[in-house]
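Just so you know, my numbering puts 307 at position 143 of the sequence shown, and the rest follows in order with no gaps.
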Amino acid sequence: MSDFKEYSVLCHEELKDLLRTLAVIPAPSHHEDKRVAFVKAWMEANGGENIFVDYAKNVIWPYHVTADNDLVVVMAHTDLVFSEDVPLDLREENGRFYCPGISDDTARLAQLMLAARYFIKNALTPKCGVLFVANSCEEGLGNLKGSRAIVDTYGDRIKDFITFDGDLGGCCSRAVGSDRYKVTVETEGGHSYGNFGNRNAIRVMASLIETLYSVKVPEKDGSRTTYNVGGISGGTSVNTIAQSCEMLYEYRSDDLECMENMRNMFKKVIAAYEATGVKITVDLLGERPCSGKVDPARHQALIDRVKKCYAALGYETHLHAGSTDANYPLFKGIPAVCVGSTKSGGAHTVGEWCDIESLKPGLEFMMSLIATYFEM
């Protein structure tokens, strides 16, 4: 542990410089190419061998990976929730870095790059193969494309899956699944006076939303289910009976059965409105699975690793449910956690910040957790 603390102190200025560089490289989900190119080049310049970018734009740094050995995955995501037109203006103030995406997940990505370099440059021997991954498409409608690609490629060979995202002490061990839709209602519409009596798409949509909001969510001990309409648009003018109206709708749950109940409810409501002769189009925008059947003993062993490493640095572990890159491996039955390694705030806002001093204990924690898979 002392070596990791010393390393985190010695490379602190380098980590800050790396973070300053990464933070201003745009990386919207599905368009992480510039950041991917930088990360790959940096890894190669810092001793990495056989580094490659897969079909999902994951930068993968395999270490002691053979054709069939067991694997542990450690990752941090490259993408940002912000689009290309949001300025990535970085400033340093009162011991903090401020920049959109600075903590989610740029700081942890920079930490992971330096952590991976330590293990590889010191030629440390792992107990199994290790995949260091800078993964794509964690945010929003990225739909966990990077995480899915890793799990689909390496499958049952993955014994543990660790993704770094969040604050020190946090450990997401349960996956909250979600289905996200765009629903479009179309009617004949017409002139507000001349065609009065024609069906109004806005009125139909309002009724549809009211019906969805009258639904009682499934209740199951230890689980939580929610739903939300997050946007609505349509119509042409005040004197036009609207021909079209759209809404964005999602439901979430941390339980597979509850998710299926919500899915069936949604289909039945849509079918009922279609039966009235209204044209309704449903587009699935995003789908994130919740936890599947994970061996409880193996999953607890992974959680215990996290707790032990946090405790060694004086942090209490806070277990919680969430929607992260751990969702897909958990759905596939692979023990997985999403753990934090910085102190931060303002996530998904232009005022996002990362505490600079927290980078040191965060890197130390990250390295100590990874080290549990090495002969040390």
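Beta carbons are placed, not taken as given, at the ideal position from N, Cα and C, and that holds for glycine. These numbers come from a predicted model, not from an experiment.
Per-residue burial, residue 457 [other beta carbons within 10 Å of its own, 16 or more giving buried]: As a working note, residue 457 is residue 293 in the sequence shown. Its Cβ having fewer than 16 others within 10 Å, residue 457 is exposed.
Run through DSSP, which three-state label would residue 196 get? For the purposes of this step, residue 196 is identified with residue 32 of the sequence shown, where counting begins at 1. Residue 196 carries a coil assignment under DSSP once its states are collapsed to helix, strand and coil.
In whole angstroms, what separates the C-alpha of residue 443 from that of residue 350? Start at 1 with the first residue of the sequence shown, and residue 443 comes out as number 279. Start at 1 with the first residue of the sequence shown, and residue 350 comes out as number 186. Going by the C-alpha atoms only, they are around 5 Å apart.
Nearest-angstrom Cα distance between residue 186 and residue 306? Indexing the sequence shown from 1 puts residue 186 at position 22. Indexing the sequence shown from 1 puts residue 306 at position 142. For residue 186 and residue 306, the distance between alpha carbons rounds to 20 Å.
Could you pull out every residue in the same chain whose Cβ sits closer than 8 Å to the Cβ of residue 289, ignoring the five residues on either side in sequence? Here residue 289 refers to the residue found at position 125 when the sequence shown is read from its first residue. Around residue 289: 228, 538 and 539.
Compute the beta-carbon to beta-carbon distance between residue 336 and residue 481, rounded to the nearest angstrom, for a pair I have assumed lies under 8 Å. To locate residue 336, count along the sequence shown from 1; it is residue 172. To locate residue 481, count along the sequence shown from 1; it is residue 317. Approximately 11 Å separates the beta-carbon atoms of residue 336 and residue 481; this is outside 8 Å, ruling out the contact.
Would you mind reading off the limits of the beta strand (DSSP E) that contains residue 450? By one-based count along the sequence shown, residue 450 stands at place 286. Counting along the chain, the beta strand (DSSP E) containing residue 450 begins and ends at 443 to 452.
Given 8 Å as the limit, is there contact between the region 254 to 267 and the region 501 to 516, that is, 3 or more CB pairs closer than that? Result yes; three or more Cβ-Cβ pairs closer than 8 Å.
Alpha helix (DSSP H) runs contained entirely in the region 439 to 518, provided each spans 4 or more residues: Unbroken alpha helix (DSSP H) runs of no fewer than 4 residues, entirely contained in the region 439 to 518, are found at 460 to 476 and 491 to 495, following chain order.
Suppose you measure from the CA of residue 357 to the CA of residue 406; what does that come to, to the nearest Å? Position 193 of the sequence shown, counted from the start, is the residue given in the question as residue 357. Position 242 of the sequence shown, counted from the start, is the residue given in the question as residue 406. Our two residues, residue 357 and residue 406, have alpha carbons roughly 13 Å apart in a direct line.
Where do the ends of the alpha helix (DSSP H) carrying residue 135 lie? It is not possible to answer for residue 135, since the shown part of the chain is limited to 165 through 540.
Kindly indicate which three-state DSSP category residue 537 falls into: helix, strand or coil? Position 373 of the sequence shown, counting from 1, holds the residue named residue 537. The three-state reading of DSSP puts residue 537 in coil, since its state is none of H, G, I, E or B.
Residue 445 classed as buried or exposed, judged by whether at least 16 other C-beta atoms fall within 10 angstroms: Here residue 445 corresponds to residue number 281 of the sequence shown, with the count starting at 1. Exposed is the call here.
Would you call residue 413 buried or exposed, if buried means 16 or more other Cβ atoms sit within 10 Å of its Cβ? Within the sequence shown, numbered from 1, the residue matching residue 413 stands at position 249. With 16 or more other Cβ atoms within 10 Å, it is buried.
In the structure shown, what three-state DSSP assignment does residue 204 receive? On the sequence shown, residue 204 is found 40 positions in, with the first residue counted as 1. Helix, per DSSP.
What is the rounded straight-line gap between the Cα of residue 279 and the Cα of residue 372? Locating residue 279 in the sequence shown gives position 115, where the first residue counts as 1. Locating residue 372 in the sequence shown gives position 208, where the first residue counts as 1. Each residue's CA atom was taken as its position, placing residue 279 and residue 372 some 51 Å apart.
Contact check, residue 492 vs residue 453, beta carbons under 8 Å: In the sequence shown, counting from the first residue as 1, residue 492 sits at position 328. In the sequence shown, counting from the first residue as 1, residue 453 sits at position 289. Yes; because the gap between Cβ atoms is below 8 Å, this pair is in contact.
With distances taken between CB atoms, is the gap from residue 379 to residue 429 smaller than 8 Å? In the sequence shown, counting from the first residue as 1, residue 379 sits at position 215. In the sequence shown, counting from the first residue as 1, residue 429 sits at position 265. The answer is yes: Cβ separation under 8 Å.
Taking a contact to mean a Cβ-Cβ separation below 8 Å, would you say residue 240 touches residue 310 in this structure? Within the sequence shown, residue 240 is the residue found at index 76, counting from 1. Within the sequence shown, residue 310 is the residue found at index 146, counting from 1. The Cβ atoms of residue 240 and residue 310 lie no closer than 8 Å to each other.
Closest by C-alpha distance to residue 344, when choosing among 323, 394, 330 and 389: Position 180 of the sequence shown, counting from 1, holds the residue named residue 344. Looking at 323, 394, 330 and 389, the one whose alpha-carbon comes closest to that of residue 344 is 394.
Locate the beta strand (DSSP E) running through residue 327, then write down its first and last residues. Start at 1 with the first residue of the sequence shown, and residue 327 comes out as number 163. Per DSSP, residue 327 belongs to the beta strand (DSSP E) from 322 to 328.
Residues near residue 204 in its chain [Cβ-Cβ closer than 7 Å; skip 5 each side]: The residue you call residue 204 lines up with position 40 of the sequence shown. Closer than 7 Å at the Cβ level, and outside the excluded window around residue 204, lie 215, 217 and 223.
Would you check if the distance between the CB atom of residue 501 and the CB atom of residue 470 is smaller than 8 Å? For the purposes of this step, residue 501 is identified with residue 337 of the sequence shown, where counting begins at 1. For the purposes of this step, residue 470 is identified with residue 306 of the sequence shown, where counting begins at 1. Taking 8 Å as the Cβ cut-off, residue 501 and residue 470 qualify as a contacting pair.
Buried/exposed call for residue 402, threshold 16 Cβ in 10 Å: Within the sequence shown, residue 402 is the residue found at index 238, counting from 1. With fewer than 16 other Cβ atoms from the protein chains shown falling within 10 Å of its own Cβ, residue 402 counts as exposed.
Length at least 3, wholly inside the region 247 to 326: the beta strand (DSSP E) runs in chain order: Fully enclosed beta strand (DSSP E) runs of 3 or longer: 255 to 257, 260 to 262 and 293 to 299.
What does the alpha-carbon distance come out to for the pair residue 236 and residue 299? As a position in the sequence shown, residue 236 is number 72, starting the count at 1. As a position in the sequence shown, residue 299 is number 135, starting the count at 1. Straight-line Cα distance between these residues: approximately 15 Å.
Helix, strand or coil: which one does DSSP assign to residue 435? For the purposes of this step, residue 435 is taken as the residue at position 271 of the sequence shown. Here residue 435 sits in helix by DSSP.
I need the boundaries of the beta strand (DSSP E) containing residue 370, first residue and last residue. Walking along the sequence shown from the start, residue 370 turns up at place 206. Run containing residue 370: none in the beta strand (DSSP E); it sits in the alpha helix (DSSP H), 365 to 377.
When you compare only the Cα positions, how much space is there between residue 463 and residue 484? Looking up residue 463 in the sequence shown gives position 299. Looking up residue 484 in the sequence shown gives position 320. Near 14 Å, if we compare the C-alpha coordinates of residue 484 and residue 463.
I need the straight-line Cα distance from residue 449 to residue 346, nearest angstrom please. Taking the sequence shown and counting its residues from 1, one reaches residue 449 at position 285. Taking the sequence shown and counting its residues from 1, one reaches residue 346 at position 182. Using only the alpha carbons, I get a separation of about 7 Å.
For residue 165, which residues of its own chain have a beta-carbon under 8 Å away from its beta-carbon, when the five flanking residues on both sides are left out? Translated into positions along the sequence shown, residue 165 becomes position 1. Note that residue 165 has pLDDT 47, beneath the 50 cutoff, so the model's placement of it is unreliable and the number below is only indicative. Once the five neighbours on either side are set aside, the close Cβ partners of residue 165 are 476, 528 and 532.
Whose C-beta lies closer than 8 Å to the C-beta of residue 202 among residues of the same chain, with five residues either side of it excluded? To locate residue 202, count along the sequence shown from 1; it is residue 38. Short of 8 Å from the beta carbon of residue 202, and not among the five residues preceding or following it, lie these beta carbons of its own chain, in chain order: 185, 186 and 189.
Just to confirm, is the Cβ distance from residue 292 to residue 243 under 8 Å? Mapped onto the sequence shown, residue 292 falls at position 128. Mapped onto the sequence shown, residue 243 falls at position 79. Not closer than 8 Å, so no.
By the DSSP assignment, the beta strand (DSSP E) with residue 416 in it spans what residues? Position 252 of the sequence shown holds residue 416. Here the beta strand (DSSP E) through residue 416 covers 408 to 417.
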